[in-house]
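If you read the sequence shown in this note's numbering, its first letter stands for residue 7, the second for the next number, and so on. From the three backbone atoms N, C-alpha and C, an ideal C-beta is built for every residue, glycine too. Because the structure is a prediction, the values reported are computed rather than measured.
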Amino acid sequence: MTAKSKTLWAFALSSVAIFMTMLDNLVVITALPVIKRELGGGIETLEWTVNGYTLTFAVLLLTGAALGDRFGRRRMLALGLGVFTLGSAAAALAPSIELLIASRAVQGIGGAIVTPLTLTILTDAVPAEKRGLALGAWGGVAGLAIALGPLVGGAVTEGIAWQWIFWLNVPLGALALPLVRTRLAESYGPDGRLDLPGLALASAALLGIVWALVRGNGAGWTSPEVIGAAVVGVAALAAFVAWELRAPAPMLPMRFFGSRAFAAANAASLAMYAGMFGSVFLLTQFLQLVMGYSPLEAGVRTLPWTAMPLVVNPAAGALSDRIGGRPIMAFGLILDAIAFGWMAAIVAPDTPYAQLVPGLVLAGIGTAAFFAPVANVVMAAVRPEESGQASGATNAIREIGGVLGVAVLAAVFASRGDYGTPTSFVAGFTPALTIGAAIVAVGGGVALLIPRRRAAVSLEAAAQAA
C-alpha cells in the first residue's frame with residue numbers, strides 16, 4: 007500500500023468513526039418527546055438519555071487514548087468500534103428507559119476508545135505539511151456530526167421509529183471493522199508502559215466531577231450526593247496532577263498546559279461545548295413542544311444551523327492554515343454568542359419560525375468556524391508522538407463541557423419554567439439560552455489568548471532547535 011493510499015484510508019476510516027460517535031452525542035435530542043411518551047420519564051430521565059452516553063464517554067477518554075498508546079491504536083480502535091456497535095444494538099432493543107440509558111452508557115465506553123484514536127491515527131498518517139488541512143477536515147466532520155444529530159434523529163424518528171437512530175450504527179460498524187483491521191497501519195505511543203495510577207486517578211476525578219454535574223438538578227446542588235461526588239472528583243483531580251508531575255511515564259504530561267495554545271484552545275472548547283450542547287438540548291424541544299413541529303419538522307428547521315458547516319468548514323480550514331486558528335475560533339464563538347442572544351431576546355410562545363432563522367444561520371457559521379481549526383491548534387502545540395495523550399485530554403475536556411452545559415442550562419430552565427404550557431416552557435428557555443450565550447462569549451475571549459500564528463511558528467522553531 008502506497009503512502010498516499012494509507013493517508014486516504016486513515017482519513018476515510020477516522021472520519022466514519024468520528025462521525026458515528028459524535029452523531030450519537032445529540033442524535034436523541036429530537037426524539038426525546040417521543041421517547042418520553044413511549045417509555046416515560048421526566049426532565050431528569052431525559053437528561054440521562056443524553057448524559058448516559060456523555061458520562062462514560064467523558065470519564066474514559068483519557069483511558070481510551072492510553073490503552074491505544076500501550077496496546078496498539080488500530081487494535082483498540084477496532085475494539086472500540088465493536089463495543090459501540092453492540093451498545094447501539096442494545097439501545098435499539100431497549101424495552102424500558104432504564105435499559106436505554108444503560109445501553110447508551112455502553113455506547114459511551116466504545117466512543118471513548120474510538121474518538122481520541124481517530125485523531126491520533128490521522129495525525130500519525132498525514133505528512134506534517136498537509137496536517138492542517140486534514141485535521142481541519144476531521145474537525146469539520148466532527149462538528150457536522152454534532153450539528154446533524156437533531157436532523158437525523160428527527161427524520162429517523164418520524165420516518166421509521168426512534169429505535170432506528172441506533173440501528174443505523176450497526177451496519178456502519180460492521181462495515182468499518184474489517185477495514186480498520188486490514189487498511190490501517192498499527193502504531194503505538196512513545197512509551198510502552200501503562201500509567202495505572204494515572205488511569206485510576208483520572209477516571210475517579212472525571213467520574214466524580216461529571217456525576218455531580220449530571221445529578222445536580224435531580225438530587226439538588228447542595229445534596230450530600232452531589233457535594234460528595236464533587237469533593238471526591240476534585241480531590242482525585244488534585245492527586246492526579248500531583249502524580250503526573252512525578253510519574254516516570256505520565257499518561258497526561260502536565261507541561262501540555264504550560265503551552266498557552268494548548269490550554270487556551272481547550273478552555274475555549276469547554277465553553278463552546280457547554281453553551282452549544284445546553285442550548286441545542288432545549289432548542290429542539292422548543293421547536294416541538296412550543297411551536298408544535300413533529301420530530302422531522304423540527305430537525306429540518308435546524309438546517310439553517312446544521313447546513314452551514316458544509317459551506318463554511320472548507321474555507322475556514324484553508325484560512326486557518328494561512329492566518330492561524332486564533333482569530334477564526336474567536337470569531338466563531340462570538341458569532342455563536344450573538345446567535346444565542348438573538349434567539350433569547352425574541353423567543354416567545356407565538357414567535358414565528360422565520361424570526362429564528364438569522365440566529366440559526368449565525369450559529370451554524372460560528373460552529374463551523376470554531377470546529378475547523380481547533381484540532382490543528384491543539385495538536386500543533388505538542389510533539390507528534392504525544393498526539394494520543396493530547397487527543398485524549400482534548401476530547402475529555404470538551405465532553406465535560408457538553409455535560410456541564412446540559413446540566414447548567416437544564417437547571418436554569420427548571421428554576422424558571424417547566425413542560426406544562428408553552429408559556430411556562432419559554433419562561434425557563436429564555437434565561438437558559440441567555441446563559442448559553444454568555445458561556446460561549448467567555449470562550450471567545452479565551453480563544454484570543456491563543457498565540458498569534460507568527461508567535462506559534464517561532465515557538466515551534468525554537469522547540470525543534472532545542
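Residue i classed as buried or exposed, judged by whether at least 16 other C-beta atoms fall within 10 angstroms
| i | result |
| --- | --- |
| residue 466 | Bear in mind that the predicted position of residue 466 carries a pLDDT of just 41, short of 50, making it too unreliable to give a figure here. |
| residue 358 | exposed |
| residue 356 | exposed |
| residue 102 | exposed |
| residue 171 | buried |
| residue 429 | exposed |
| residue 21 | buried |
| residue 162 | buried |
| residue 75 | buried |
| residue 30 | buried |
| residue 397 | buried |
| residue 354 | exposed |
| residue 361 | exposed |
| residue 230 | exposed |
| residue 421 | exposed |
| residue 216 | buried |
| residue 18 | exposed |
| residue 182 | buried |
| residue 192 | exposed |
| residue 165 | exposed |
| residue 99 | exposed |
| residue 332 | buried |
| residue 228 | exposed |
Check whether residue i and residue j have beta carbons under 7 Å apart
| i | j | result |
| --- | --- | --- |
| residue 242 | residue 452 | no |
| residue 25 | residue 151 | yes |
| residue 190 | residue 80 | yes |
| residue 35 | residue 373 | no |
| residue 97 | residue 106 | yes |
| residue 124 | residue 218 | no |
| residue 222 | residue 413 | yes |
| residue 379 | residue 334 | yes |
| residue 214 | residue 235 | yes |
| residue 114 | residue 62 | yes |
| residue 338 | residue 376 | yes |
| residue 40 | residue 168 | yes |
| residue 267 | residue 457 | yes |
| residue 431 | residue 423 | yes |
| residue 281 | residue 411 | yes |
| residue 131 | residue 10 | no |
| residue 83 | residue 186 | yes |
| residue 93 | residue 112 | yes |
| residue 157 | residue 312 | yes |
Distance, residue j Cα to residue i Cα
| i | j | result |
| --- | --- | --- |
| residue 286 | residue 33 | 11 Å |
| residue 57 | residue 220 | 7 Å |
| residue 284 | residue 51 | 16 Å |
| residue 308 | residue 202 | 44 Å |
| residue 446 | residue 256 | 32 Å |
| residue 78 | residue 245 | 28 Å |
| residue 471 | residue 303 | In this predicted model, residue 471 has a pLDDT of only 36, less than 50, meaning its place in the structure is not dependable; the value taken from the coordinates is given anyway. Distance between the alpha carbons of residue 471 and residue 303: 57 Å. |
| residue 68 | residue 250 | 13 Å |
| residue 368 | residue 350 | 14 Å |
| residue 321 | residue 64 | 30 Å |
| residue 159 | residue 252 | 46 Å |
| residue 188 | residue 90 | 19 Å |
| residue 404 | residue 275 | 6 Å |
| residue 385 | residue 44 | 44 Å |
| residue 209 | residue 122 | 16 Å |
| residue 54 | residue 60 | 9 Å |
| residue 306 | residue 155 | 11 Å |
| residue 409 | residue 147 | 21 Å |
Simplified DSSP state of residue i, which is helix, strand or coil
| i | result |
| --- | --- |
| residue 164 | helix |
| residue 169 | coil |
| residue 307 | coil |
| residue 286 | helix |
| residue 457 | coil |
| residue 353 | coil |
| residue 317 | helix |
| residue 255 | coil |
| residue 387 | coil |
| residue 18 | helix |
| residue 174 | coil |
| residue 131 | helix |
| residue 425 | coil |
| residue 54 | helix |
| residue 201 | coil |
| residue 190 | coil |
| residue 330 | coil |
| residue 249 | helix |
| residue 239 | helix |
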